[in-house]
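Trainee: In our numbering, the protein residues as written are 112 to 275. For every residue, glycine included, the Cβ atom is placed at its ideal position computed from N, Cα and C. Pasting in a structure now, in structure tokens, and then I'll have a few things to ask.
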């Protein structure tokens, strides 16, 4: 169990730093592309495709980290006005809706990945899979972390009611 927790912690840090690194790569690539285009009139061919691919990966990796930490955007103004048990049921319902959405995104993205596996981007030569894989990878990991958040809300509720 301890190894699993260490692996989970290591994965979170790796995703966090990788998304930060991708942000720096995007900024550098866009700066270089703009400089080459407007200062030297020689835009690089990859100026559109590479930053787009990096941006998609950065976005989904960042969302995974936010989901794991429970820091994704939530509006709790009305939820906080409910009594503890109805609030738990409402939060569970919302978690289930998110889980259904994540599963649907992965399910419907798999045929897209299959369709795109034969093609490649013109300027970089990278497979189009690199543009569509972040959706499946991100949603699959978010599904795991969202499930854990739902379980944690039940555990927290039981601990709070056991002490009352």
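Would you report the Cα separation of residue 167 and residue 130, rounded to the nearest angstrom?
Mentor: 10 Å
Trainee: For residue 238, write down the residues that DSSP places opposite it in a beta bridge.
Mentor: BP columns for residue 238 point to 231.
Trainee: Judging by CA-CA distance, which residue of 233, 232, 224 and 199 is the nearest neighbour of residue 260?
Mentor: The shortest C-alpha to C-alpha distance from residue 260 to any of 233, 232, 224 and 199 is the one to 199.
Trainee: Since residue 163 is in the alpha helix (DSSP H), which residue starts that stretch and which ends it?
Mentor: Counting along the chain, the alpha helix (DSSP H) containing residue 163 begins and ends at 160-180.
Trainee: Rounded to the nearest angstrom, what separates residue 146 and residue 232 at their Cα positions?
Mentor: 23 Å
Trainee: Report the residue from 235, 241, 213 and 206 whose alpha carbon sits nearest the alpha carbon of residue 265.
Mentor: 206
Trainee: Express the C-alpha separation of residue 211 and residue 201 in angstroms, rounding to a whole number.
Mentor: Distance from the CA of residue 201 to the CA of residue 211, rounded to the nearest whole angstrom, comes to 15 Å.
Trainee: Applying the 10 Å Cβ sphere with the 16-neighbour rule, what's the burial state of residue 255?
Mentor: exposed
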